[in-house]
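Per our numbering, the very first residue in the sequence shown carries number -1; after that it's consecutive. Every residue, glycine too, gets a C-beta built ideally from N, C-alpha and C. Take a look at the structure set out below.
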Amino acid sequence: MTRRVQRIVVLGGPGDGLSVAEAVHCAAAAGRPVILAGFLNDTLPRGELLQGVPILGPLEEWCELDDDIHFVPAIQKVKDMPRRVQRLEDLDIPEERWGIVIHPAAVVSSDVEIGPGSFVLSCATIQPAARIGRFAGVRAGAMLGHHCVIGDHTYVGPNATMCGRSVLKEAAHLGPGAVLMDSRVMGRYALAGISAAVTRDVPEYEIWFGNPARRVSWVKRLGQAEH
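Below is the structure:
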């Protein structure tokens, strides 16, 4: 029996979008029924090729594509997540149109739950009983321990580690090489920078760096005036 091939369109482009596109290509090469159909991007010209597939138009043109197209967003950006989350929600794409991309070189335990619109890149490891929300991104080499929970729009950077039962709430960002200690919680839109050692809970919208990590700044809230 022939399996139906899922066509994926990546929202984004250079940067994380290319990483997600490569994961789709690798999944297809490994025999999974998936193919990269193109990108939607607000700045690059229609028809320009990325990884051999075209820019199909800006993000708003998702509704002009075939009904069997599934979308995966790759538009996360450090310290800009309040605006990016709103941008994605404003598209109002139906839940059933979101896809999930898992690189074939990732190791994902059989009971892990992954929400629509999320992706897991090469050499990431996700241990048993972990839960991944919608539109989350787990980058190359990241490790999520047992019973970890990451919420919608979260970012787990390359080679970052979440120890067992730790939590990233909505749109929290664990930077490359950072470590979140067992059972610690990063609040909504909180950010831990490169190689941070997070040994305490991080309140929402705070930016922490260092070893041990401490607050150094804040993420600007949507609509907040510049100071």
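Asked	Found
Would you mind working out which of 154, 2 and 196 sits nearest residue 209, comparing C-alpha positions?	196
Just to confirm the assignment: which complete alpha helix (DSSP H) runs, minimum length 4, are found wholly within the region 37 to 122?	79 to 89
Within its chain, find whatever has a CB closer than 7 Å to the CB of residue 32; leave out the 5 residues flanking it on each side and keep chain order.	3, 4, 6, 22, 25 and 26
Report the residue from 148, 114 and 115 whose alpha carbon sits nearest the alpha carbon of residue 124.	148
Out of curiosity, what's the CA-to-CA distance linking residue 136 and residue 172?	10 Å
For the candidate residues 139, 153 and 108, whose alpha-carbon lies nearest to that of residue 145?	108
Could you give the distance in angstroms between the alpha-carbon of residue 103 and the alpha-carbon of residue 10?	22 Å
With 16 as the cutoff for other CB atoms within 10 Å, does residue 225 come out buried or exposed?	Bear in mind that a pLDDT of 45 at residue 225, under 50, signals an unreliable position, so the number given afterwards is only what the model happens to contain. Residue 225 comes out exposed.
Would you report the Cα separation of residue 140 and residue 199, rounded to the nearest angstrom?	20 Å
Let me make sure I understand the geometry here. Which of 143, 82 and 1 has the alpha-carbon closest to that of residue 178?	143
Helix, strand or coil: how does DSSP classify residue 5 here?	strand
Measure the CB-CB distance between residue 12 and residue 48 and report whether it falls below 9 Å.	yes
Note down the Cα distance separating residue 176 from residue 16, rounded to an integer number of angstroms.	23 Å
Cβ atoms of residue 116 and residue 99: under 9 Å apart, would you say?	yes
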